[in-house]
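Participant: Below is one structure. I have some questions about it.
Protein chains in written order, with our numbering: chain A, 6 to 396; chain B, 6 to 396.
So, in structure tokens, the structure goes:
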């Protein structure tokens, strides 16, 4: 093994050392507790799936998939998200009774990276899917649970932006006439490149009224007042229906008393092509990227079930970044012993473990640098020799 | 997507549905609590590692590795165990101060399977590594913690068999003369094929005394009395030293009051080629395979550190099988609401969530088969219309 190479990890792969692990574990437990209280059932799916099923159903770019071949020549992928595997499980095993289904997960997902020093290629998502309930109440529940679970994790300063993919689609199609032109303009929204959007609009062969409508569209961000403006802007029934769903969602969030955590941003679109209704992103004050997102999707149809679902996924690494700051160090005690008092040491440790006190049992002959080592512990107890006790 | 194919998973890959998930989660939490109380720090390493580093250092057969190529043409592997990744992290980041180091993990590992219907290709291990402390106390601590954490998980009926790889090596080398002959005989021990072992011994060109010694070796199983017999059988210093370590280990287990959970089996060997000292396997009454194993290994030297370590790994799937039995069902309540009483429903659910009662909030208009659906819940509450309340 070459010395230079032996400590290296593949591109985008990280170790989670004990201090960060403890924090991550605590945040995960707090979110899981909230999610379970809302009646969601956690499950696990395999890390590897067939490319032809889950890989193709997920909305992640092909170049971001980790692929390998199995012995029979099938292409496997490391799951790039959990929504597609859960759609597979729900369609094949859990939806037989045609009930609403509330599923949750905390799982690592994989996205191959192109460059050194960039984004992580493996990261944990905690999420829920409320499946086979097409009410706006269901959309609202998922958003309210997102708020509740983030609060449970200790996050205070965050905001959820809500849009509706059908509204954007209808408005753009109505004004621009073709899917192709609509997609070209929508691309600027994905990239949140509003300067590019304005330039593109002014270059289009449209009436000045239609150009103005496309520019006015960019202002559809804020509270309840956005609803009226949006209704004025869109003319066809499907577009208006999307907005009326958002109106109802606003009322639902009001009934949850969580209106202050949400706002509308009707310019919101997603590279996740499976969304069909509302969609949303969560931003926390100090983090550049969204820490979570979600929406209503029709993915189950790819697995033969006529059902839609609404889900959210929170990225744990970004949530931890948003939570930031120092946190209490874990306090560990150490009992140093020599052979003569080994039994006494074990008995004392047992009492301390039973009280939940983290306590290391250390044969003093196993330590090379005793003085320096003792500094790692909140408290040290010495059970050495036949007589003396030093604490 | 073909209909036949769309629900399938790669060979050896499993879904963990909610009921099993809950059980697994609880067992994991109980074991983690015990392990933390003993002062071990949990960490995570990436699912993917370089084949040249961790893949080659692990003792898993090459044909069991899941391999893929990255963009630069390096071979990556899905980690087949956690011992090698932890050796990498310890050597590169955690051992700089040359202290004893207590590390733990709960992680999925991957072993490609050759046949349908066989063993799982992905499974969870919970384990510890006590690194850079070469005392027998450290070996004893790992075994005592294995006992303690299995008891914490609720397992009562289990036994740990302890052997010493150096004893087997020395005895076989001394009698058989060459590594090659020693390995040929040891192969029968790996396979626990004692009939084959006896036949092989009788076919060897050895004195009848030496043949008898190799047959007597098979009887070295039991309690403290095994020590004396083993000392009679082995002649060289390294072999005797191994047995004296086992004698000390026996005394350590006695001081932990855990002697009833351990016995000697000096015929124990392992396909893990990195073991250098004691090694052990755990068996539970009703499960055919060992549910966990471990030992002292020298793997850190492959990462440039002169240190040995002792660890254990428990297979969670087999532990769950050993725990077996029925399991209390998780009790979930459901509040059905209509729009008129939505706010009231949300407030009631909030109170129930705050008390830790798992409660689903269900818009009644989202349910297709109400009567059947209500049977899923321990209790249902209806907040419908303007007046009536049915509970």
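Ideal Cβ positions, reconstructed from N, Cα and C, are used throughout, including at glycine.
Bear in mind the structure is a predicted one, so any value in this text is a computation, not a measurement.
Taking the beta carbon of residue 167 of chain A as the centre, do at least 16 other beta carbons fall within 10 Å, making it buried, or is it exposed?
Facilitator: Buried is the call here.
Participant: By the 8 Å beta-carbon criterion, what residues does the stretch 15-27 of chain A contribute toward chain B?
Facilitator: Listed in sequence order: 15, 16, 18, 19, 20, 21, 22, 23, 26, 27.
Participant: Output needed for residue 216 of chain A: all residues of its chain with C-beta closer than 6 Å, excluding positions within five of it in sequence on either side, in chain order.
Facilitator: Answer for residue 216 of chain A: 206, listed in chain order.
Participant: If we define contact as Cβ-Cβ less than 9 Å, is residue 39 of chain B a contact residue for chain A?
Facilitator: It does; some Cβ of chain A falls within 9 Å.
Participant: What are the boundary residues of the alpha helix (DSSP H) that residue 166 of chain B is part of?
Facilitator: Looking at the DSSP string, residue 166 of chain B is not in any alpha helix (DSSP H); the run it does join, the beta strand (DSSP E), is 163-169.
Participant: Taking the C-alpha atoms as reference points, what is the distance between residue 89 of chain B and residue 363 of chain A?
Facilitator: Straight-line Cα distance between these residues: approximately 26 Å.
Participant: Under the assumption that residue 107 of chain A contacts residue 65 of chain A (Cβ atoms under 8 Å), give the Cβ distance between them as a whole number of angstroms.
Facilitator: Going by Cβ atoms, the distance from residue 107 of chain A to residue 65 of chain A rounds to 24 Å, so no, they are not a contact pair.
Participant: Determine, for residue 43 of chain A, whether the minimum Cβ-Cβ distance to residues of chain B falls below 9 Å.
Facilitator: True, the Cβ-Cβ gap to chain B drops below 9 Å.
Participant: Against chain B, with Cβ distances strictly below 9 Å, would residue 261 of chain A count as a contact?
Facilitator: At least one chain B Cβ lies under 9 Å of residue 261 of chain A.
Participant: Using a Cβ distance threshold of 8 Å, determine whether the stretch 312-327 of chain B contacts the stretch 141-161 of chain B, with at least three qualifying pairs required.
Facilitator: With a cut-off of 8 Å, the stretch 141-161 of chain B and the stretch 312-327 of chain B count as touching, because enough Cβ pairs lie within range.
Participant: Rounded to the nearest angstrom, what separates residue 45 of chain B and residue 303 of chain B at their Cα positions?
Facilitator: Distance between the alpha carbons of residue 45 of chain B and residue 303 of chain B: 20 Å.
Participant: Between B/371, B/335, B/234, B/350, which lies nearest to residue 25 of chain B when the distance is taken from Cα to Cα?
Facilitator: Answer by Cα proximity: B/335.
Participant: Which residues, taken in chain order from the stretch 126-146 of chain B, show a beta carbon closer than 7 Å to some beta carbon of chain A?
Facilitator: If the cut-off is 7 Å between Cβ atoms, the stretch 126-146 of chain B has 127, 138, 139, 140, 142, 143, 146 near chain A.
Participant: Looking at C-alpha atoms only, which residue of A/109, A/237, A/278, A/226 is the closest neighbour of residue 61 of chain A?
Facilitator: The residue with the shortest Cα to Cα distance from residue 61 of chain A is A/278.
Participant: With DSSP as the reference, please indicate the residues paired to residue 268 of chain A in a beta bridge.
Facilitator: Paired residues: A/166.
Participant: Closer than 8 Å by beta-carbon distance: list the chain A residues that pair up with residue 4 of chain B, in chain order.
Facilitator: For chain B, the structure presents residues 6 to 396; residue 4 of chain B sits outside this window and is missing.
Participant: Below 7 Å CB to CB, which residues in the same chain sit around residue 289 of chain B once its five sequence neighbours on both sides are set aside?
Facilitator: The answer, listed in chain order, is 160, 162, 163, 296, 327.
Participant: Does DSSP put residue 193 of chain B in a helix, a strand or coil?
Facilitator: Helix, per DSSP.
Participant: So if I threshold CB-CB distances at 7 Å, which residues from the stretch 342-358 of chain A count as touching chain B?
Facilitator: Within the stretch 342-358 of chain A, the qualifying residues are 347, 348, 351, 358.
Participant: Beta carbons nearer than 8 Å to chain A: which residues of the stretch 52-73 of chain B have them?
Facilitator: So the list reads 52, 53, 54, 55, 57, 58, 61, 62, 71, 72, 73, given in the order they occur along the chain.
Participant: Identify, in the order they occur along the chain, each residue of the same chain with its Cβ nearer than 6 Å to the Cβ of residue 56 of chain B, setting aside the five sequence neighbours on each side.
Facilitator: Once the five neighbours on either side are set aside, the close Cβ partners of residue 56 of chain B are 80, 82.
Participant: Establish whether the CB of residue 314 of chain B and some CB of chain A are separated by less than 9 Å.
Facilitator: It does not; no Cβ of chain A falls within 9 Å.
Participant: Mind checking whether residue 146 of chain B and residue 358 of chain A have CB atoms under 9 Å apart?
Facilitator: No, the Cβ-Cβ distance between residue 146 of chain B and residue 358 of chain A is not below 9 Å.
Participant: Apart from the five residues just before and just after residue 329 of chain B, which ones in its own chain have a Cβ nearer than 8 Å to its Cβ?
Facilitator: Only 291 meet the Cβ criterion.
Participant: Please confirm if the stretch 247-263 of chain A is in contact with the stretch 225-235 of chain A, defined as three or more CB-CB distances below 8 Å between the two stretches.
Facilitator: The stretch 247-263 of chain A, when compared against the stretch 225-235 of chain A, does touch it at the 8 Å Cβ threshold.
Participant: Would you check if the distance between the CB atom of residue 230 of chain B and the CB atom of residue 53 of chain A is smaller than 9 Å?
Facilitator: No, the Cβ-Cβ distance between residue 230 of chain B and residue 53 of chain A is not below 9 Å.
Participant: May I ask you to list the residues that DSSP assigns as paired with residue 81 of chain A?
Facilitator: A/55, A/73.
Participant: First and last residue of the beta strand (DSSP E) that includes residue 338 of chain A?
Facilitator: Its beta strand (DSSP E) spans residues 338-342.
Participant: Are the beta-carbon atoms belonging to residue 21 of chain B and residue 143 of chain B less than 9 Å from one another?
Facilitator: Contact flag unset, no.
Participant: Drop a sphere of 10 angstroms on the beta-carbon of residue 365 of chain B, count the other beta-carbons inside from all chains shown, and report buried for 16 or more, exposed for fewer.
Facilitator: Buried is the call here.
Participant: At a CB-CB cut-off below 7 Å, which residues of chain A make contact with residue 81 of chain B?
Facilitator: Simply 15.
Participant: Looking at chain B, which residues of the stretch 292-308 of chain A have a Cβ within less than 8 Å of any of its Cβ atoms?
Facilitator: Against chain B - using a Cβ distance shorter than 8 Å - the residues of the stretch 292-308 of chain A are 307, 308.
Participant: To the nearest whole angstrom, what separates the beta carbons of residue 125 of chain A and residue 17 of chain A, a pair I think is in contact under 8 Å?
Facilitator: Between residue 17 of chain A and residue 125 of chain A the Cβ distance is about 5 Å, and since that is below 8 Å, they are a contact.
Participant: Once the 5 residues before and after residue 342 of chain B are set aside, which same chain residues still bring their CB inside 6 Å of it?
Facilitator: If we look at residue 342 of chain B and ignore the five residues flanking it on each side, its Cβ neighbours are 350, 388.
Participant: Please report the distance separating the alpha-carbon of residue 10 of chain A from that of residue 294 of chain B.
Facilitator: Taking the straight line from one Cα to the other gives about 37 Å.
Participant: Have a look at residue 371 of chain A and residue 37 of chain A and give me their C-alpha separation to the nearest angstrom.
Facilitator: In a straight line, the C-alpha of residue 371 of chain A is about 40 Å away from that of residue 37 of chain A.
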